[in-house]
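Only one structure is covered here, and it is reproduced in the block below.
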Amino acid sequence: MSRIAGFLRRTFGIVREHVGTDHLGNKYYVIPQQKTWTGQAWAQGLKAWTAGLSTAARVVVEVGRVVRAKRMVVAANPTEYEYIEGSIPTEWDAWIRGRRKEPPSIEELLKNELYREQIKLKAKEVEEKDLALQAKEYEEGLVATPARIAAKGHAAATSFGKQEISEDPASTANTFQPGSWMPTSKK
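Residue 1 is where the sequence shown starts when you use full-length UniProt numbering, and the numbers rise one by one after that.
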């Protein structure tokens, strides 16, 4: 069944070649530049000027549709709202965008993943050493601890902190007396 579908796709449609799959289940394809049989006939007018007289010749040319080379990914999780950043490895992303000519190999992907993990471990170790050094310097009195100040508002605000609730009523509904009003005369 897939042979028949492949034959029909090659004959009447676009051929895509499977290039690889990553560890997340995404499938990567390349569509080479090709000319399909699904072209369209179109008329092109040509004007020939001879002996001061104009004659128009119409030529009908059959042209097949040329499909540019493309690189594409079929995501393992195709819904947009479930996309998670980093669900396409950077090596494959570089290949899709054309920044590299050859698709990445499995060995290259594994090597780069191991390298990233080592960098994360080294960064964590450096951060722990830095915190230990700061604590030691604080104990010796060489440096002061950083002040931990929480901002309670913006400098342009009229009041900071919690607003106090007054016991006085805010409404004057019981004591309101309407004033008199006289409409102006039309002139």
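Beta carbons are placed, not taken as given, at the ideal position from N, Cα and C, and that holds for glycine.
Report the three-state DSSP secondary structure of residue 96 (helix, strand or coil).
Helix at residue 96.
Counting Cβ pairs, one atom from each stretch, are 3 or more of them under 8 Å apart for the stretch 72-88 and the stretch 103-123?
With a cut-off of 8 Å, the stretch 103-123 and the stretch 72-88 do not count as touching, because too few Cβ pairs lie within range.
Express the C-alpha separation of residue 90 and residue 116 in angstroms, rounding to a whole number.
Approximately 12 Å between the Cα atoms of the pair.
Measuring only the C-alpha atoms, how far is residue 72 from residue 3?
Computed Cα separation, rounded: 22 Å.
Quickly, what does DSSP pair residue 71 with across the bridge? List them, please.
DSSP output for residue 71 lists 30 as bridge partner(s).
In angstroms with no decimal places, state the Cα-to-Cα distance between residue 75 and residue 20.
One C-alpha to the other measures close to 12 Å.
Run the CB neighbour count on residue 92, radius 10 Å, all protein chains shown included, and call it buried at 16 or more, exposed below.
By the neighbour-count rule (16 or more Cβ atoms within 10 Å), residue 92 is buried.
Among residues of its own chain, excluding the 5 on either side of residue 26, which ones have a beta-carbon nearer than 8 Å to its beta-carbon?
Within the same chain, residue 26 has close Cβ partners 73, 74, 75, 76, 87, 88 and 92.
With distance defined between alpha-carbon atoms, name the residue in 126, 28 and 33 nearest to residue 97.
Per the Cα distances, 28.
Using the Cα positions of residue 135 and residue 124, report the straight-line distance between them to the nearest angstrom.
Each residue's alpha carbon lies about 17 Å from the other.
Keeping to the same chain, check which residues put their C-beta closer than 7 Å to that of residue 68; ignore five residues upstream and five downstream.
Correct list, in chain order: 33.
Mind checking residue 95: buried by the 16 CB within 10 Å criterion, or exposed?
The residue in question, residue 95, is buried, as its Cβ has 16 or more Cβ neighbours within 10 Å.
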